[in-house]
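Asker: Encoded as structure tokens, here's the structure I'll be asking about.
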Amino acid sequence: MKVTGFTFIRNAITYDYPIEEAIRSILPLCDEFVIAVGKSTDGTLAMIQMIDPAKIRIIETEWDDSLRTGGRVLAVETDKAYAAVSDDTDWCFYIQGDEIVHEKYLDTIRAGMERWKDDKNVDGLLFHYEHFYGSYDYVGTSTRWYPYEIRIVRKNNSIFSYRDAQGFRKGNDEKLNVKLLDAYIYHYGWVKDPRTMQRKQEIFHKLWHDDEWVEKNVVKAEAFDYTADIDAVKKFTGTHPAVMQDRISRSNWAFDYDISFNRMSLKERLKQFADKKLGLNFSYKNYRIV
């Protein structure tokens, strides 16, 4: 079984993406790794070059910054990396620059890839998600956070990155047939120094909207206010991946939140009741579990 990891990145240092940790977290499962490194204004390329030259293949790209609708440029860059994956690959493991796999899940993931490698009805493998928010001590619990997403797909020319690169489709916009793994992706995209997070917000929204929208809707501030954007979080009681320990030890901002202040709309409370008590999940599903 051949497994190839793939991803894309640009200006990882400026916006404090844990891209090195993301790559290292799945390298033990990968025979090779392809990364599309967009032209950056910091030392991103040099950083990637130092990770594992024997396994990692870099393709240098130029982002089309005119693609400012729905985060489309992110899917375009994902597809560049996916297209560069060798055709003899059985499974392609996609990891975004702020996503990490805990080492405790590696055996489960490998077993899943082995189990369904020859079942051609299975296009990909689906993961659970933990979304950290504000600090490494809290995770989001509302339905605004996607609970699952596809992160392993076959090498197949009909498969492509969908919309803003959150998931994948095939052929004529068909959802992929997937199996759900008992494994989690840890998403750290909302855990940054508040000043860095504010800069990220200002540039991030330009991938979705024009300048007029950004000017009107993105709050101007020196630092991002995490408390202003909370609906519901809970304390994280598990352990973080080993590759994240050094980064966590260097975190230099404080975020503490009284979860009794969680504020959820009636609609949100009803959705959570339906999910937890009735087993009815109304979240958007960009996949078909088989």
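Residues 18 to 307 in the working numbering are what the sequence shown spells out, letter by letter.
Just so it is clear, CB atoms sit at the ideal spot from N, CA and C, and this is done for glycine as well.
#1: By how many angstroms is the C-alpha of residue 146 removed from the C-alpha of residue 51?
#2: Could you pull the start and end residues of the alpha helix (DSSP H) that residue 39 belongs to?
#3: Is residue 136 buried or exposed, if buried means 16 or more other CB atoms sit within 10 Å of its CB?
#4: For the alpha helix (DSSP H) containing residue 2, list its first residue and its last residue.
#5: Please confirm whether residue 144 and residue 120 have their CB atoms less than 8 Å apart.
#6: Would you kindly check if the distance between the Cβ of residue 39 and the Cβ of residue 94 is under 8 Å?
#7: Assuming residue 194 and residue 305 are in contact, meaning their beta carbons sit under 8 Å apart, how far apart are those beta carbons, in whole angstroms?
#8: Do residue 91 and residue 182 count as a contact pair if the criterion is CB distance below 8 Å?
#9: What does a CB cutoff of less than 6 Å around residue 56 pick up in its chain, not counting 5 residues either side in sequence?
#10: Determine the DSSP secondary structure at residue 337, reduced to helix, strand or coil.
#11: Strictly by DSSP, which residues pair up with residue 194?
#12: Please name the residue or residues paired with residue 98 in a DSSP beta bridge.
#13: Going by the CB atoms, is the gap between residue 177 and residue 96 shorter than 8 Å?
#14: For residue 254 and residue 210, I'd like the C-alpha separation in whole angstroms.
#15: Can you list, in chain order, the stretches of the alpha helix (DSSP H) that have 4 or more residues and sit fully within the segment 59 to 116?
#16: Do the CB positions of residue 69 and residue 28 come within less than 8 Å of each other?
#17: DSSP beta-bridge partners for residue 382?
#18: For the beta strand (DSSP E) containing residue 141, list its first residue and its last residue.
#19: Could you tell me which residues DSSP pairs with residue 51 in its beta bridges?
#20: Return the first residue and the last residue of the beta strand (DSSP E) that residue 171 is part of.
#21: Where does the unbroken alpha helix (DSSP H) through residue 180 begin, and where does it stop?
#22: Indicate whether residue 202 and residue 118 have their beta-carbon atoms separated by less than 8 Å.
#23: What's the call for residue 131, buried or exposed, on a 16-neighbour Cβ count within 10 Å?
#24: For residue 31, which residues from the same chain have a beta carbon less than 6 Å from its beta carbon, with the 5 sequence-adjacent residues on both sides left out?
#25: Can you tell me where the alpha helix (DSSP H) holding residue 231 begins and where it ends?
#26: Grouping DSSP H, G and I as helix and E and B as strand, with all else coil, what is residue 204?
#27: Below 8 Å CB to CB, which residues in the same chain sit around residue 216 once its five sequence neighbours on both sides are set aside?
Answerer: So, from the listed chains and residues:
#1: As a position in the sequence shown, residue 51 is number 34, starting the count at 1. As a position in the sequence shown, residue 146 is number 129, starting the count at 1. Whole-angstrom Cα-Cα distance: 23 Å.
#2: To locate residue 39, count along the sequence shown from 1; it is residue 22. Taken as a continuous stretch (DSSP letters only), the alpha helix (DSSP H) holding residue 39 covers 36 to 43.
#3: Residue mapping note: residue 136 aligns to position 119 of the sequence shown, counting from 1. It is exposed - the Cβ of residue 136 has fewer than 16 other Cβ atoms within 10 Å.
#4: The structure shown has nothing for residue 2, since the chain only spans 18 to 307.
#5: In the sequence shown, the residue the question calls residue 144 occupies position 127. In the sequence shown, the residue the question calls residue 120 occupies position 103. Contact flag unset, no.
#6: In the sequence shown, residue 94 corresponds to position 77, counting from 1. In the sequence shown, residue 39 corresponds to position 22, counting from 1. In this structure, residue 39 does not lie closer than 8 Å to residue 94 by Cβ.
#7: By one-based count along the sequence shown, residue 194 stands at place 177. By one-based count along the sequence shown, residue 305 stands at place 288. Correct: roughly 5 Å between the Cβ atoms.
#8: If you number the sequence shown from 1, residue 182 lands on position 165. If you number the sequence shown from 1, residue 91 lands on position 74. For residue 182 and residue 91, yes; Cβs fall inside 8 Å.
#9: If you number the sequence shown from 1, residue 56 lands on position 39. Within the same chain, residue 56 has close Cβ partners 79.
#10: For residue 337 there is no data in the structure shown, the boundaries of the chain being 18 and 307.
#11: Looking up residue 194 in the sequence shown gives position 177. 305.
#12: For this step, residue 98 is matched to residue 81 along the sequence shown. Residue 98 pairs with nothing; no bridge assigned.
#13: Here residue 96 refers to the residue found at position 79 when the sequence shown is read from its first residue. Here residue 177 refers to the residue found at position 160 when the sequence shown is read from its first residue. In this structure, residue 177 lies closer than 8 Å to residue 96 by Cβ.
#14: Position 237 of the sequence shown, counted from the start, is the residue given in the question as residue 254. Position 193 of the sequence shown, counted from the start, is the residue given in the question as residue 210. Distance between the alpha carbons of residue 254 and residue 210: 22 Å.
#15: 61 to 66 and 89 to 100
#16: Translated into the one-based positions of the sequence shown, residue 69 becomes position 52. Translated into the one-based positions of the sequence shown, residue 28 becomes position 11. Result no, Cβ atoms of residue 69 and residue 28 do not sit closer than 8 Å.
#17: Outside the displayed span of the chain (18 to 307) sits residue 382, for which this structure offers no information.
#18: Residue mapping note: residue 141 aligns to position 124 of the sequence shown, counting from 1. Start and end: 141 to 150.
#19: For the purposes of this step, residue 51 is taken as the residue at position 34 of the sequence shown. Per DSSP, 23 and 74.
#20: As a working mapping, residue 171 is identified with position 154 in the sequence shown. Looking at the DSSP string, the run of the beta strand (DSSP E) that includes residue 171 is 165 to 171.
#21: Within the sequence shown, numbered from 1, the residue matching residue 180 stands at position 163. Here residue 180 belongs to no alpha helix (DSSP H), and DSSP marks it neither H nor E.
#22: On the sequence shown, residue 202 is found 185 positions in, with the first residue counted as 1. On the sequence shown, residue 118 is found 101 positions in, with the first residue counted as 1. Yes, Cβ-Cβ distance for residue 202 and residue 118 is below 8 Å.
#23: By one-based count along the sequence shown, residue 131 stands at place 114. The residue in question, residue 131, is exposed, as its Cβ has fewer than 16 Cβ neighbours within 10 Å.
#24: Indexing the sequence shown from 1 puts residue 31 at position 14. The residues are 59.
#25: Looking up residue 231 in the sequence shown gives position 214. Unbroken alpha helix (DSSP H) run through residue 231: 228 to 234.
#26: Residue numbering aside, residue 204 sits at position 187 when the sequence shown is read from its first letter. DSSP places residue 204 in strand when its eight states are reduced to three.
#27: If you number the sequence shown from 1, residue 216 lands on position 199. Taken in chain order, the residues that qualify are 31 and 32.
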